[in-house]
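Visitor: Count along the sequence shown starting at 1, add 8, and that's the number in this note's numbering. Have a look at the structure that comes next, please.
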Amino acid sequence: MTTSVYPALHERSVLLPNISWQTYERILRDSEDTNTHRFYYDRGKLEIVMPSQTHEEAKSALNSLVERIADEWGWDFRNLGSTTFKNESLTRGFEPDACFYIQRLAEIAGIETLNPETDSAPDLVIEVDITSPSLERLPLYSKFGVREVWRADATGMVTIHRFDEQGEATEETESIVLPGLTAQQIALFLTQNRSLSRKNWVNVVRDWTRQHSPQK
Numbered sequence: 009m010t011t012s013v014y015p016a017l018h019e020r021s022v023l024l025p026n027i028s029w030q031t032y033e034r035i036l037r038d039s040e041d042t043n044t045h046r047f048y049y050d051r052g053k054l055e056i057v058m059p060s061q062t063h064e065e066a067k068s069a070l071n072s073l074v075e076r077i078a079d080e081w082g083w084d085f086r087n088l089g090s091t092t093f094k095n096e097s098l099t100r101g102f103e104p105d106a107c108f109y110i111q112r113l114a115e116i117a118g119i120e121t122l123n124p125e126t127d128s129a130p131d132l133v134i135e136v137d138i139t140s141p142s143l144e145r146l147p148l149y150s151k152f153g154v155r156e157v158w159r160a161d162a163t164g165m166v167t168i169h170r171f172d173e174q175g176e177a178t179e180e181t182e183s184i185v186l187p188g189l190t191a192q193q194i195a196l197f198l199t200q201n202r203s204l205s206r207k208n209w210v211n212v213v214r215d216w217t218r219q220h221s222p223q224k
């Protein structure tokens, strides 16, 4: 029996078929003042996710992990959170749990409002799947040109995905965005985040980053 590290308390999602692009955009406009939903759109199918508290806790931990490692290594970055990425020519759109520009940071320098149809996609997308998604999202990220995706599920397992030349997702053991960081280590950090005090967790992450600095 698999133990759930992140129980799906109040985690809900709904998949709506036959949604036009115009309706999708109207729903996004109507939801601009709320941060309680995530929208994923793929050629007429719209998934609406209402994240639970545990979902947000896992997202926050992964956000903090990336930021602390990058800071310790002296790497600049931009965390664009759950920015909406939509492309009418692709008839696709998504709102990640978090996304980071690190290696591609210079490509969006000075840009305050991204245009996903012309600007670079994030280096890293973070996705927390407390419940199984109704819409397969990896093809969405591939179409937009995302370099790497981290997925954490309710058991605390983490998988790292990248995309080959044909756009097909491949599962990898180690990140290329934060070299040396494995999926297994990310999962361990998530488990420790729930069992250690904040101060002790930060110290654990700091120790790891200093031992695995790319400058060494």
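Cβ atoms here follow ideal geometry from the backbone N, Cα and C, with glycine treated the same way.
Compute the Euclidean distance between the alpha carbons of I138 and L70, then round it to the nearest angstrom.
Guide: 14 angstroms
Visitor: Any C-beta of chain C sitting closer than 8 angstroms to the C-beta of Y109?
Guide: The structure shown contains no chain C; it is built from a single protein chain.
Visitor: Rounded to a whole number of angstroms, what is the C-alpha to C-alpha distance between E96 and P25?
Guide: Going by the C-alpha atoms only, they are around 17 angstroms apart.
Visitor: Terminal residues of the continuous alpha helix (DSSP H) containing F85?
Guide: Segment: none, F85 is in no alpha helix (DSSP H) and carries neither H nor E.
Visitor: For my contact list, S150 and G175 are in at a C-beta cut-off of 8 angstroms; report their separation, rounded to the angstrom.
Guide: S150 to G175, Cβ: 4 angstroms. Contact.
Visitor: How many whole angstroms separate the CB atoms of M58 and T44, which I take to be in contact at a CB cut-off of 8 angstroms?
Guide: Contact between M58 and T44 holds: their C-beta atoms lie close to 6 angstroms from each other, under 8 angstroms.
Visitor: Closest to R2 by CA distance: which of Q61, K94 and K67 is it?
Guide: Given that the chain is displayed from residue 9 to residue 224, the structure contains no residue 2 and the question cannot be resolved.
Visitor: Return the residue from the list L196, C107 and D131 that minimises the CA-CA distance to V213.
Guide: L196
Visitor: Just the C-alpha distance for E179 and Y32, rounded to the nearest angstrom, thanks.
Guide: 31 angstroms
Visitor: Would you tell me roughly how many angstroms separate the C-alpha atoms of D50 and E115, rounded to the nearest one?
Guide: 26 angstroms
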